[in-house]
Structure formats: C-alpha cells, structure tokens
Amino acid sequence: MDAYPIGLRKEELDTPTLCLDAEALERNIARMAAFMRSRGVGLRPHSKTHKCPTIAWKQLEAGAVGITCAKVSEAEVMARAGIQEILIANQIVTPHKIARLVNLAAYTHVTVAVEDLANAEALSEAAQAKGVRLRTIIEVDVGMGRCGTPPGEPTLALAQKMLSLKGLDFRGLMGYEGHAVMIPDREARRQAVEVAMT
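In the numbering used here, the protein residues as written are 3 to 200.
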C-alpha cells in the first residue's frame, strides 16, 4: 500500500485517498472484535466504507470470519489481496457481472445474495458452465423496503426451488435492518431491530 508522509495538507493528496487515525482504527477494530467474540457471534464487517484490503486484513486478523462487499468489483479487489471469505450483500444480475462472480467462485469462497428465481437460475447456469458451486443466500426484506423477498411463504418457496438448482450451494437467509440504524433512541432502535428480525 502506498502511503503519504504524515503532515501533508489535504490539497497535496491525490484522490481518492483514505485518510484515517491509525490508533483509532486499531482500537475500533479490536473493540468490535472483542464485543462480537464476547457474544459468540461471527463478525463479517462491510468494506464499502474503507474499500481497503489492508484494513480488511486487519479486521480478519482480529477475528472477523470474512469480509462483506457491495459489488463484484469490490469483491475482486479483496480477492486479489488474498481474502478468501467474501459476502456480496447484493444481487448480481447482469450477465457480465455474473460471469465475473463465477470467476471469483473458482478461487475464493464467495457468497452472493439472491431475491428471485430468475436470478438464481441465471447464477446456476453460469456456475455450471464454469464448473463451480456458487454459495448463495436469500435476502429477505425485513422492513427496509429496498430489496429482498417478502418474509414467509415467498421466501420459503424460493429457498425450496434454489435447493434443486445445480451449481448453487444454498447457505441460508440474510436481512438488513438499515431502516432502524438512524433511530436515535437506543431502546426504540432495539425494538425496531427486534421487529425486523421476527
């Protein structure tokens, strides 16, 4: 990783450049890892903010079980840096990006979110053509209203169909309660998350 000397003015930095407080970074990574460990939960931090393999490796070395990415291109950067456990927490739908995704599956443990059967079938076909098994999870809409299957029967029906698709390794469900993140009151936020997860 190229690094600028400490003390430059922001006008002297090329963009994009990640600027951070290294001590705060190390402290926050350690704190989050300890918090999750104390609860017996695996941490898979999202790299969409830092987009930096060096930071992702620090998170993994602190105990993270993998890294989350938003896009195939982000996952490719992490994979080129040697990171093996990658979740793409979005649907990949275009043929070109699906081809890139199954290429990743040939040399990493990549998992991708799915929300409809047509996409699952396209992933299955591409995985079979590449000779790989692609790990998949169903994204369930838990109240955000952005993407995902409706909870209940529609999700169950998709899961049952996905289990029969060759080339796919169905791993389970995920949901994102992002609509609750900005609720300022801690108890109200906790209740909103609890409702989203039931």
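No residue lacks a Cβ here, since even glycine has one placed at the ideal position from N, Cα and C. Fair warning: this is a prediction, and the values are worked out from it, not measured in the lab.
Residue from the options with nearest C-alpha to residue i
i: V114; options: A72, V195, G84, T157; result: A72
i: N92; options: T200, R11, Y178; result: Y178
i: A161; options: E123, A182, P186; result: E123
i: K132; options: N121, V104, Y109; result: V104
i: R102; options: V134, E28, D16; result: V134
Nearest-angstrom Cα separation, counted from residue j out to residue i
i: L89; j: I69; result: 6 Å
i: K60; j: I31; result: 8 Å
i: A81; j: L106; result: 8 Å
i: K99; j: K168; result: 19 Å
i: V195; j: A36; result: 22 Å
Per DSSP, the bridge partner or partners of residue i
i: A115; result: Q93, I139
i: L170; result: L136
i: L175; result: I140
i: T151; result: V142
i: T70; result: H48, L89
Classification of residue i by the beta-carbon crowding that lies within 10 angstroms, buried from 16 upward
i: V197; result: exposed
i: Y6; result: exposed
Neighbour flag for residue i against chain C, beta carbons, 8 Å
i: G42; result: Absence of chain C from the displayed structure is noted, only one protein chain being present.
Sufficient close CB pairs (3 or more, under 8 Å) joining the segment 161-181 to the segment 136-143 | yes
- Query: Do the segment 125-136 and the segment 151-161 meet, that is, are 3 or more Cβ pairs less than 8 Å apart?
  - Reply: no
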